[in-house]
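>
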Amino acid sequence: MTATLAPALTAAAPLLGWATHGLWLTRRLATARRDPLTGLLTRDGFTTRAERLIRHNPGRVTVLLIDLDDFKSINDTHGHPAGDAVLTATARRLTTWCGTAGLAARLGGDEFAVVVLDHTGRLPHLREDLAQPVTYAGMVLNVSATIGASHPAALLLTEALSAADRDMYAHKPGRTTRRR
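What follows is the structure in structure tokens.
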């Protein structure tokens with residue numbers, strides 16, 4: 001009986017190896033598409049999903065670009081762990097605000113992006129949520145964020161992000177000139 005199983009086991013071994021390798025690669029790709037600090041999507045993971053959301057829901061999507069105001073001063077004054085606490089708090093707040101109707105991503109540094117369905121009227125609530133102080137190591141860190149919004153007429157994420165960037169920059173405190 002063992003002799004009859006040997007050919008089957010020999011044939012199954014490479015399949016098991018490939019299946020294991022495929023699972024490992026899938027997990028590695030999923031990990032690469034998530035920011036390790038905040039758990040949000042990275043730019044690559046966000047782009048694919050956001051483009052799909054825009055394509056399948058034309059006219060219902062709002063694209064937001066969020067930049068934390070004076071974030072460098074938090075890092076410089078209180079240290080990078082305090083800055084990390086602000087970034088993770090921002091990520092939680094964005095995820096909660098989006099719920100199941102959107103995607104949030106950390107694009108890099110203190111810049112975040114969101115694609116959300118039918119949430120235009122709730123934008124003031126997001127501004128309030130992001131302005132809540134963050135407690136870290138017994139300190140209360142005051143935070144604020146500037147948000148730029150766009151409602152893509154076309155189905156291109158890059159154009160929507162550019163429009164949101166221009167809108168955000170126009171609302172940035174202390175800015176007197178526009179970015180190109």
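UniProt numbering applies: residue 1 is where the sequence shown begins, and numbers increase by one.
By construction, the Cβ of each residue, glycine as well, lies at the ideal position given by its N, Cα and C atoms.
1. Is the beta carbon of aspartate 67 less than 8 Å from the beta carbon of threonine 158?
2. For a test of the three-state rule: what should DSSP assign to valine 143, helix, strand or coil?
3. Could you give the uninterrupted runs of the alpha helix (DSSP H) lying entirely in the UniProt domain "GGDEF" (59 to 180), keeping only those of 4 residues or more?
4. DSSP state of arginine 34, grouped into three classes?
5. With C-beta atoms as the reference, is arginine 106 less than 8 Å away from threonine 38?
6. Could you check which residue in Ala85, His119 and Gly108 has the C-alpha nearest to that of tyrosine 136?
7. In the DSSP assignment, the alpha helix (DSSP H) including threonine 47 goes from what residue to what residue?
8. Taking a contact to mean a Cβ-Cβ separation below 8 Å, would you say valine 63 touches leucine 156 in this structure?
9. Identify, in the order they occur along the chain, each residue of the same chain with its Cβ nearer than 7 Å to the Cβ of aspartate 167, setting aside the five sequence neighbours on each side.
10. May I have the straight-line CA-CA distance separating leucine 117 from glycine 59, to the nearest angstrom?
11. Candidates Ala101, Thr90, Asp165 and Thr100: which alpha carbon is nearest glutamate 128's?
12. In angstroms, rounded to a whole number, what distance separates the CA positions of proline 133 and leucine 126?
13. In whole angstroms, give me the CA-to-CA distance for arginine 34 and leucine 41.
So, to answer that:
1. no
2. coil
3. Qualifying alpha helix (DSSP H) stretches, in chain order: 71 to 78, 80 to 98, 123 to 130 and 157 to 171.
4. strand
5. yes
6. Ala85
7. 43 to 56
8. Result no, Cβ atoms of valine 63 and leucine 156 do not sit closer than 8 Å.
9. Cβ neighbours of aspartate 167 beyond the five flanking positions: Gly148, Ala149 and Ser150.
10. 9 Å
11. Thr90
12. Rounded to the nearest whole angstrom, the C-alpha separation of proline 133 and leucine 126 is 14 Å.
13. 4 Å
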